[in-house]
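Structure (structure tokens):
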């Protein structure tokens, strides 16, 4: 699943926890992906290009079931004990786990049970069917907006970012992926940029003009 629709998951969590600040929830649903970005920069995880397609074939430290659950538990402990906010701790942990669960649905078989067990690998492979992938992701993003009862600008944010993801979904492979082969830092950089920009726009337009503005720190 692409960044905008992971971010949309935070809207589902926020709707059921209306008094919690949105920004930490946006971080929670993308924490696993942020780890993937930095693990790629460090060379601990990597992707490959073969058969004309991009494959995220080694990501056990950020995206395994064990790692997702461990990150959720650690996050819960830090927020619950450090910030004395059990509701936020629970919501944050749910956000972390949601990322791995959703990726099992969309990824090809590349998600391990743990970094210590290369087999079995999980993934339903919806990403291998670009049109179906787009339809499901687009519908999911719209559903999250509808359930959240978001603003019209937020709806446009979700629509536009989904459309902007289409070229990457429909990339024909071959020469279009050559840059990622020669410059491996490019892919995690693109993903990081997507995460940051979707955080900004979803957070900015998730609230109406009449909402009371307050800082994330104050809300926590």
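Numbering (my numbering), first residue to last: 525 to 744.
Quick reminder that beta carbons are idealized off the backbone N, C-alpha and C, glycines included.
Treat the numbers as computed from the prediction; the structure is a model and nothing was measured.
Exercise. Since residue 581 is in the beta strand (DSSP E), which residue starts that stretch and which ends it?
Worked result: Here residue 581 refers to the residue found at position 57 when the chain shown is read from its first residue. Under the DSSP assignment, residue 581 falls in the beta strand (DSSP E) whose first and last residues are 577 to 582.
Problem set entry | Alpha-carbon to alpha-carbon, residue 616 and residue 548 | For the purposes of this step, residue 548 is identified with residue 24 of the chain shown, where counting begins at 1. For the purposes of this step, residue 616 is identified with residue 92 of the chain shown, where counting begins at 1. The straight-line gap from Cα to Cα measures roughly 7 Å.
Exercise. For residue 637, does the three-state DSSP call read helix, strand or coil?
Worked result: As a first step, residue 637 is located in the chain shown; it is residue number 113 there, counting from the start. Under the three-state reduction of DSSP, residue 637 is assigned to strand.
Exercise. Beta carbon of residue 577: closer than 6 Å to some heavy atom of the ligand ATP?
Worked result: Judged by which ligands are present, the structure shown has none, so any question about the ligand ATP falls away.
Problem set entry | CA nearest to the CA of residue 705, picked from 583, 578 and 553 | Walking along the chain shown from the start, residue 705 turns up at place 181. Residue 705 has its Cα closest to that of 578, out of 583, 578 and 553.
For this session: Note down, one range per segment and in chain order, each beta strand (DSSP E) of at least 3 residues found wholly within the region 556 to 636.
Result: When DSSP assignments are scanned along the region 556 to 636, the uninterrupted stretches of beta strand (DSSP E) that are 3 or more residues long and fall wholly within it turn out to be 570 to 574 and 577 to 582.
Exercise. Which same chain residues, not among the five before or five after residue 661, have their C-beta less than 7 Å away from its C-beta?
Worked result: Taking the first residue of the chain shown as 1, we reach residue 661 at position 137. Leaving aside the five residues that flank residue 661 on each side, the residues in its chain whose CB is nearer than 7 Å to its CB run, in chain order, 525, 526, 529 and 686.
Exercise. What does residue 726 pair with, by DSSP beta-bridge criteria?
Worked result: Start at 1 with the first residue of the chain shown, and residue 726 comes out as number 202. DSSP output for residue 726 lists no bridge partner at all.
Problem set entry | Nearest-angstrom beta carbon gap, residue 658 and residue 693 [assumed within contact, 8 Å] | As a working note, residue 693 is residue 169 in the chain shown. As a working note, residue 658 is residue 134 in the chain shown. The Cβ separation is near 6 Å, so the contact holds.
Exercise. What residue ranges within the region 676 to 705 form continuous alpha helix (DSSP H) runs of no fewer than 4 residues, ordered along the chain?
Worked result: The qualifying runs are 676 to 693.
Problem set entry | CB of residue 631 within 7 Å of CB of residue 553, strictly | The count along the chain shown starts at 1 and reaches residue 631 at position 107. The count along the chain shown starts at 1 and reaches residue 553 at position 29. For residue 631 and residue 553, no; Cβs fall outside 7 Å.
For this session: Decide if residue 606 is buried, meaning its Cβ has at least 16 other Cβ atoms within 10 Å, or exposed.
Result: By 1-based counting over the chain shown, the position of residue 606 is 82. Exposure of residue 606 is indicated by the presence of fewer than 16 other C-beta atoms within 10 angstroms of its C-beta.
For this session: Sort out for me which residues DSSP pairs residue 645 with in a bridge.
Result: On the chain shown, position 121 is the one that residue 645 refers to. Paired residues: 636.
Problem set entry | Proximity below 7 Å, CB of residue 619 to CB of residue 684 | The residue labelled residue 619 in the question sits at position 95 within the chain shown. The residue labelled residue 684 in the question sits at position 160 within the chain shown. At a Cβ-Cβ threshold of 7 Å, residue 619 and residue 684 do not count as neighbours.
Problem set entry | Backbone secondary structure at residue 530 - three-state DSSP | Position 6 of the chain shown, counted from the start, is the residue given in the question as residue 530. Helix.
Exercise. Below 8 Å, can you find three or more Cβ-Cβ pairs linking the region 721 to 733 to the region 664 to 683?
Worked result: The region 721 to 733, when compared against the region 664 to 683, does touch it at the 8 Å Cβ threshold.
For this session: State the DSSP-derived secondary structure class of residue 542, mapped to helix, strand or coil.
Result: Translated into positions along the chain shown, residue 542 becomes position 18. The three-state reading of DSSP puts residue 542 in coil, since its state is none of H, G, I, E or B.
Exercise. Given that a residue counts as buried once 16 or more other Cβ atoms are within 10 Å of its Cβ, and exposed if not, what is residue 599?
Worked result: What you label residue 599 is simply residue 75 of the chain shown in a count that begins at 1. Under this definition residue 599 is a buried residue.
Exercise. Using the C-alpha atoms, what's the distance from residue 550 back to residue 588?
Worked result: Start at 1 with the first residue of the chain shown, and residue 588 comes out as number 64. Start at 1 with the first residue of the chain shown, and residue 550 comes out as number 26. One C-alpha to the other measures close to 20 Å.
Problem set entry | residue 652 burial status per 10 Å Cβ neighbour count (16 or more: buried) | One-based indexing of the chain shown puts residue 652 at position 128. So residue 652 ends up on the exposed side.
For this session: Could you check if residue 670 is buried or exposed, using at least 16 other CB atoms within 10 Å of its CB as the buried criterion?
Result: Here residue 670 refers to the residue found at position 146 of the chain shown. Burial call: exposed.
Exercise. Do you know how far the Cα of residue 724 is from the Cα of residue 539?
Worked result: Within the chain shown, numbered from 1, the residue matching residue 539 stands at position 15. Within the chain shown, numbered from 1, the residue matching residue 724 stands at position 200. When the Cα atoms are used, residue 539 and residue 724 turn out to be separated by approximately 19 Å.
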